[in-house]
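Visitor: What follows is a structure written as structure tokens; I'll ask about it next.
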Amino acid sequence: MLTVATAAHGGRAPFRPDLAARPELPVRPSAPAAPPPRTAAPGAPLDVRPARLRDAAGLHALSRAFVRSGALRARPADHYLDHVGEFLVAGGGGGAGEGLHGCLALRAEGPATAVLYNFCVAPGSQGRGVGSLLLSAAYARARRCGVRVMFTATTGSAALFLRHGFVPCAPADAPAGWAAALDPDRGSRVLRLTVR
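Everything in the sequence shown is counted per our numbering, starting at 40 for the first residue and increasing by one.
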């Protein structure tokens, strides 16, 4: 069964899980239009869960290939340690390097707004539903935390985001500080999802 631990509320980032106790909740799909998620390997269970401190090095390693290709912004290794509570990871099922198939982070940008960032799926796990599972888990986490709207930016085709209900929007519609930090040379498109 796919589960995601509940998030503690408090401070700037209500998505930071309580590292001492994490009761499990079932994950609900984020968008009815999305195709049913598939596992990373036929018959192998895939777990989407909040990242743990021990995942920080694996998050950095998984993200490096996407930084080299220009799909992700470079972040120092300690970013993943300092912000581990913002990350969800997909693991299990005979996973890619460090046991992680993919990851994404969800950061609060106000009382009812969040930004989804650092979304990547290991090359050997792409096309197997890992991204859909991560987006579904992020949606469930956002909904539990009272988020009404999520934003993300992508340099890619955005097809997966669009299948999950995201729609293109102007950077001016997004949180000002986050939108101002986007590098215009990367050609990122900003997308928005209303959380119901």
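C-beta atoms are modelled at their ideal positions from N, C-alpha and C, and glycine is treated no differently.
None of these values were measured; they are calculated from a predicted model.
1. How many Å lie between Thr191 and Pro115 at the Cα?
2. Determine the closest residue to Asp224 out of Arg91, Phe158, Leu111, with distance taken between C-alpha atoms.
3. Which of the three DSSP states, helix, strand or coil, is assigned to Val106?
4. Measure the Cβ-Cβ separation of Trp217 and Glu125 and say whether it is below 8 Å.
5. Expressed to the nearest angstrom, what Euclidean distance is found between the alpha-carbon atoms of Phe205 and Ser196?
6. Beta-carbon within less than 8 Å of Val229's beta-carbon, same chain only, minus the 5 sequence neighbours each way: which residues are those?
7. Can you give me the C-alpha to C-alpha distance between Gly97 and Ala215, rounded to a whole angstrom?
8. Per DSSP, what are the beta-bridge partners of Gly130 in this structure?
9. Using DSSP with H/G/I as helix, E/B as strand and the rest coil, what is Leu120?
Guide: Put simply:
1. 20 Å
2. Leu111
3. helix
4. no
5. 12 Å
6. Phe190, Thr191, Ala192, Pro207, Cys208, Ala209, Pro210, Asp212, Ala213, Ala218, Leu221
7. 31 Å
8. Asp86, Leu139
9. helix
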